[in-house]
Amino acid sequence: MKAATLPVELVDVHTRFGKQVVHDGISLGIHAGELLALIGGSGEGKTTLIRHIAGLSKPDRGEVRLFGQPFAAGTYNERRLRRQRFGMLFQHGALFSALNVFDNVAFPLREVGGLHADEIHTLVMSRLALVELDPQQAWLMPSQLSGGMVKRVALARALALEPELLLLDEPTAGLDPERAAGFVKLVRNLHDSLGLTVVFVTHDVDTLLALSSRVAVLADHRILACETVEEIMCLTHPFIDNFFHAYHRRDEPMTPWAR
Amino acid sequence: MRRGSRSAGPRLQRVDGGIHLHGDWTLAALRPRLMVLRHQLGTHRQNAVWDLSQVSRLDAFGALLLWRTWGGSYPETLIMPPALANSFERISHAPIVEEPRPARLERLLTRIGKGALNIVDNLRGMVELIGHIVDEVCRLPWHPREIPLRETSAAFYKDVVCALPIAALLGFLIGIVLSYLSALQLQNFGAETFLINILGLGVIRELGPVLVSILVAGRSGSAITAQIGVMRVTEEIDALAAMGVSRYQRLILPKVLGLTLGMPLLVAWTSAAAMIGGSFSAWMQLNIDLVSFFERLPAVVPIANIGIGLVKGAVFGLAIALLACHFGMRIKPNTESLSSHTTTSVVASITVVILLDAIFAVLTRTIGVAR
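So the sequences go chain by chain: A and B. The numbers in the first sequence follow this note's numbering, run straight up by one, and end at 259. The numbers in the second sequence follow this note's numbering, run straight up by one, and end at 630.
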């Protein structure tokens, strides 16, 4: 084995939209096998950062390295192979609305080419089983699915090529607490059994506590800290206080409102 | 035989009766050599000794490939590190569930039935839409504050004013072409002066309204359908309803009014452009100068034709707007539905315009034609 290359490495990333500065020198290394959470106030560019990692947008200055190489490096084919090494789950699923569940999950497999139809069938069904979807639901259209199911199908699609890296943009947004907890458990199980590296953006404390092995806090356009949850909770910063405030208060006994 | 170096690519070696697999057996690694490996795997028996201990990585596809080679069960002698067993577990339990498909005759009957019901449903939706609009129109005079003047003005600007340049160009070119071709034929009979009759009647009464309708159906009809459709998909129409704002009043009526009132003007503009183009061509080809062309025009084309052209324009505009709104409201939240309904909207608009034109031709056969 070579010296372990980091799946994701951000080096001094600067981003601005017009005059608005979003990232002002962000450096972050993500290790293989970790579950890294990105948290930060709204407008701090969490989603933009994850889009940088996925290569959907480019920083104005600085470099994003995936599996040890800059995004634009290599030939067309090498770049494509590198892209197949990660999967991304979009906030609203981004399922192809004209294709049914089966074809959505089969899409990346068919893109690879060279696979027989029955092989694709088996692989799709095994992916659906992985995200705990019923095989009968494979023939539904995305518009017939509930929010939680859309996320599961999108996850199955992101996992179709067995990526090493999984990027999740707000994985539990729009799910009720019970479904959110179920989804978090699912991602954890997949992480354990497939040995994934997971990077996710969230603003839900429950998801953060249940899923992350390390937390990167984006505040004031920089990475404020990148530690475990316990260490982050000890820090004092207006954003961190605010973020966990609601959580702390929830543990206190509920006092009845004015009688 | 055994090569010392260890590459990441998948390899398969036969070593005294046993089959040794090396390297990464993942989809990405297998893909470049898939044909060769499939062939190599196909020549080996399930009852050979399979040694997977040198496999560095195995994903679901690699596992599936081996699983199928083995005929759907583990071979009798298999040397495999336990870490790889997971991949086999996952694919061996994947169920085979075919898409439920009804029988052929049933499919055919369902299709015919659905098509018929769809027509009925469309007609009912259309009647409903017209009913709602009439209802709104009858209510508005008592609530003048709610008349959607701004929205109508916006629709008028977008669908009519913005279409002026392209409509003028279209009319001008058609006028030139029509005039040139007619002139060539008329010269054979020495009936050059009748060019003005042909152009005047043909353009003002027939071609002008129909051409503009086709242009507007493609330009505004599709835009209206797509806009209303996307507003449905993004729940904007529901948001309007939740605020107690009638979508018929704010969304549909302005577009219907804008097109119904604007189309006659667009028809007049296009017909005028066509007459100018035609007169130029007549001047070049037949040496009929512009002044005498426009002096003769009112004498040979009865004024009623302009009225017919303008009324046609209004009716066609109304039809296009109604159809565009109707199909927009039927769009379901997926991209396929959006594209198919936009296409249907334009095709239906053009078809209906031509049908209406035929009806007009029958109804007005005694008006404005010199015999």
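By construction, the Cβ of each residue, glycine as well, lies at the ideal position given by its N, Cα and C atoms.
{"Query": "I'd like to know if MET260 (chain B) contacts chain A, where contact means its C-beta is closer than 8 Å to some C-beta of that chain.", "Result": "Confidence in MET260 (chain B) is poor, its pLDDT being 32 and thus under 50, which makes the residue's placement unreliable; the coordinate value appears in the next sentence. Output row for MET260 (chain B): interface = no."}
{"Query": "Would you mind sorting CYS226 (chain A) into buried or exposed? The rule is 16 or more other CB atoms within 10 Å of its CB.", "Result": "buried"}
{"Query": "Drop a sphere of 10 angstroms on the beta-carbon of GLY45 (chain A), count the other beta-carbons inside from all chains shown, and report buried for 16 or more, exposed for fewer.", "Result": "buried"}
{"Query": "What alpha helix (DSSP H) runs, 4 residues minimum, are completely inside the region 402-473 of chain B?", "Result": "408-418, 423-448, 453-460"}
{"Query": "Take ILE435 (chain B) and list the residues in its own chain whose beta-carbon comes closer than 8 Å to its own, dropping the five residues that flank it on each side.", "Result": "GLY536, GLY537, PHE539, SER540"}
{"Query": "Is DSSP giving ILE483 (chain B) helix, strand or coil here?", "Result": "helix"}
{"Query": "Whose Cβ in chain B lies nearer than 7 Å to the Cβ of GLN84 (chain A)?", "Result": "ALA287"}
{"Query": "With a Cβ-Cβ cutoff of 8 Å, do ALA476 (chain B) and VAL295 (chain B) count as a contact?", "Result": "no"}
{"Query": "When the Cα atoms are used, what is the spatial distance from SER212 (chain A) to PRO108 (chain A)?", "Result": "28 Å"}
{"Query": "Do LEU518 (chain B) and ILE579 (chain B) have their C-beta atoms within less than 8 Å of each other?", "Result": "yes"}
{"Query": "Only counting the same chain, and skipping five residues up and downstream in sequence, which positions put a Cβ closer than 7 Å to that of ALA219 (chain A)?", "Result": "GLY40, GLY41, GLU44, HIS237, PHE239"}
{"Query": "Along the region 337-352 of chain B, where does the CB come closer than 8 Å to a CB of chain A? Name the residues.", "Result": "ASN345, ARG349, ILE350, HIS352"}
{"Query": "With DSSP as the reference, label GLN84 (chain A) as helix, strand or coil.", "Result": "coil"}
{"Query": "Should the region 196-212 of chain A be regarded as contacting the region 172-186 of chain A, the criterion being three or more beta carbon pairs within less than 8 Å?", "Result": "yes"}
{"Query": "Between PRO561 (chain B) and the rest of its own chain, which residues show a CB-CB distance below 6 Å, the 5 nearest in sequence each way excluded?", "Result": "GLY627"}
{"Query": "For chain B, is any of its Cβ atoms less than 8 Å away from the one on SER143 (chain A)?", "Result": "yes"}
{"Query": "Once DSSP output is grouped into helix, strand and coil, what is the label at GLU164 (chain A)?", "Result": "coil"}
{"Query": "Would PHE575 (chain B) count as contacting chain A if we go by Cβ distances under 8 Å?", "Result": "no"}
{"Query": "Would HIS121 (chain A) count as contacting chain B if we go by Cβ distances under 8 Å?", "Result": "yes"}
{"Query": "Let me check one thing: in DSSP terms, what residues is GLY282 (chain B) bridge-paired to?", "Result": "B:VAL314"}
{"Query": "Quick one: measure Cβ to Cβ for VAL199 (chain A) and ARG157 (chain A), integer angstroms, because I've assumed they're closer than 8 Å.", "Result": "Not really, about 17 Å apart at Cβ, beyond 8 Å."}
{"Query": "Mapping DSSP to helix, strand and coil, what is ARG270 (chain B)?", "Result": "strand"}
{"Query": "Let me check understanding here. Comparing Cα to Cα, which of B:LEU317, B:THR601, B:LEU311 lies closest to LEU289 (chain B)?", "Result": "B:LEU317"}
{"Query": "For the 8 Å Cβ check, are there 3 or more pairs between the region 512-529 of chain B and the region 404-418 of chain B?", "Result": "yes"}
{"Query": "On the three-state DSSP scale, how would you describe SER57 (chain A)?", "Result": "coil"}
{"Query": "Apply the 10 Å Cβ neighbour rule to TYR76 (chain A) and answer buried if 16 or more other Cβ atoms are within range, or exposed otherwise.", "Result": "exposed"}
{"Query": "Tell me the DSSP secondary structure of ASN242 (chain A) in three-state form.", "Result": "helix"}
{"Query": "Are VAL471 (chain B) and ALA426 (chain B) touching if we call contact CB-CB under 8 Å?", "Result": "yes"}
{"Query": "Quick one: does PRO7 (chain A) have its CB under 8 Å from some CB of chain B?", "Result": "no"}
{"Query": "Using a beta-carbon distance below 8 Å, is LEU243 (chain B) in contact with chain A?", "Result": "With chain B running from 260 to 630 in the structure shown, residue 243 (chain B) is simply not present."}
{"Query": "Quick one: which unbroken alpha helix (DSSP H) runs of 4-plus residues sit fully inside the region 187-239 of chain A? Chain order, please.", "Result": "205-211, 229-234"}
{"Query": "How is the beta strand (DSSP E) around HIS121 (chain A) delimited, first residue to last?", "Result": "No beta strand (DSSP E) holds HIS121 (chain A); the alpha helix (DSSP H) holding it covers 117-130."}
{"Query": "I'd like to know whether the C-beta of LEU161 (chain A) is nearer than 8 Å to at least one C-beta of chain B.", "Result": "yes"}
{"Query": "Can you tell me whether ALA117 (chain A) is buried or exposed? The criterion is at least 16 other CB atoms within 10 Å of its CB, across all chains shown.", "Result": "exposed"}
{"Query": "Would you call CYS421 (chain B) buried or exposed, if buried means 16 or more other Cβ atoms sit within 10 Å of its Cβ?", "Result": "exposed"}
{"Query": "In the structure shown, what three-state DSSP assignment does PHE17 (chain A) receive?", "Result": "strand"}
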